[in-house]
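Q: In our numbering, the protein residues as written are 168 to 380.
Even glycine gets a Cβ: it sits at the ideal position worked out from N, Cα and C.
See the structure below:
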């Protein structure tokens, strides 16, 4: 599997944005000059097919053998659905919080106890949503989480630590380092913006303060 190919897909679909004034604010509150909007990919048919094919290869090549797929709400629900259809697997999705009405469930769909569940993400920053989803599947769903797959990871130290502590194995189609190198070498990212992105990635949580943005 070619990780550069998926970096090129993100760039070709203009899913990568750069802005310092103002910077982007992630769900976690982290300020960043880089934003990867993978939601755009669902609107590009050929690129979408390549991502689904890549996910399938990632699963097969790593012998993950899930019996169920679980998408994190909301951005990863389409990818879990596309992949479940491609692999002929059942799926569920997991809400960030339990429903405030009706059944009050957090897992939507039917998940039998003891299922081997693979969590599907579109993007990993701090890893919070993936880890939270896995916890719900383990506790509420009483099922095994065999890993997490994602289109991309920002490779944040906080995410690496969180996945290790949660005993979760993360596999991705591409990552921040590869994306930035492909962007710089293709001319999609200027040298100045490349250096800015690399500096941010060294210390994402304090970058906004350090650069007084």
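Would residue 250 and residue 235 be called neighbours here (beta carbons separated by less than 8 angstroms)?
A: No, the Cβ-Cβ distance between residue 250 and residue 235 is not below 8 angstroms.
Q: Taking the C-alpha atoms as reference points, what is the distance between residue 218 and residue 318?
A: Roughly 8 angstroms between the two C-alpha positions.
Q: Could you check what DSSP says for residue 266 in three-state terms: helix, strand or coil?
A: Correct three-state label for residue 266: coil.
Q: Cα separation between residue 337 and residue 355?
A: Cα-Cα distance, rounded: 28 angstroms.
Q: When the Cα of residue 320 is compared with those of 334, 373 and 294, which residue comes out closest?
A: Closest by alpha carbon: 294.
Q: Considering only residues of the stretch 222–299, which uninterrupted alpha helix (DSSP H) runs meet the minimum length of 4 residues and lie entirely inside it, listed in chain order?
A: Counting only runs of 4 or more, we get 244–254.
Q: Can you tell me which residues form a DSSP beta bridge with residue 317?
A: Bridge partners of residue 317: 288 and 339.
Q: Please go through the same chain and pick out, in chain order, the residues whose beta-carbon is closer than 6 angstroms to the beta-carbon of residue 360, but skip the five residues on each side of it.
A: Excluding residues within five positions, the ones whose Cβ falls inside 6 angstroms are 185.
Q: Am I right that residue 261 and residue 241 are in contact with their C-beta atoms under 8 angstroms? What's the rounded C-beta distance?
A: In fact, because the Cβ distance is near 11 angstroms, the residues do not count as touching under 8 angstroms.
Q: Select from 278, 193 and 253 the residue whose C-alpha is nearest the C-alpha of residue 226.
A: When only C-alpha atoms are compared, the closest one is 253.
Q: Taking the straight line between their C-alpha atoms, what separation do you get for residue 350 and residue 363?
A: Answer to the nearest angstrom: the Cα atoms are 13 angstroms apart.
Q: Taking the alpha carbon of residue 282 as the point to measure from, which residue in 297, 273, 237 and 248 has its own alpha carbon closest?
A: The shortest Cα separation from residue 282 among 297, 273, 237 and 248 belongs to 237.
Q: Suppose the cutoff is 6 angstroms on Cβ atoms and the five residues either side in sequence are ignored; what does the same chain contact list for residue 371 look like?
A: So the list reads 197 and 323, once near-sequence residues are dropped.
Q: Would you kindly report the start and end of the unbroken alpha helix (DSSP H) that includes residue 361?
A: 358–369 is the span of the alpha helix (DSSP H), which, as asked, contains residue 361.
Q: For residue 194, which of helix, strand or coil comes out of DSSP?
A: In the structure shown, residue 194 sits in coil (DSSP, three-state: anything other than H, G, I, E or B).
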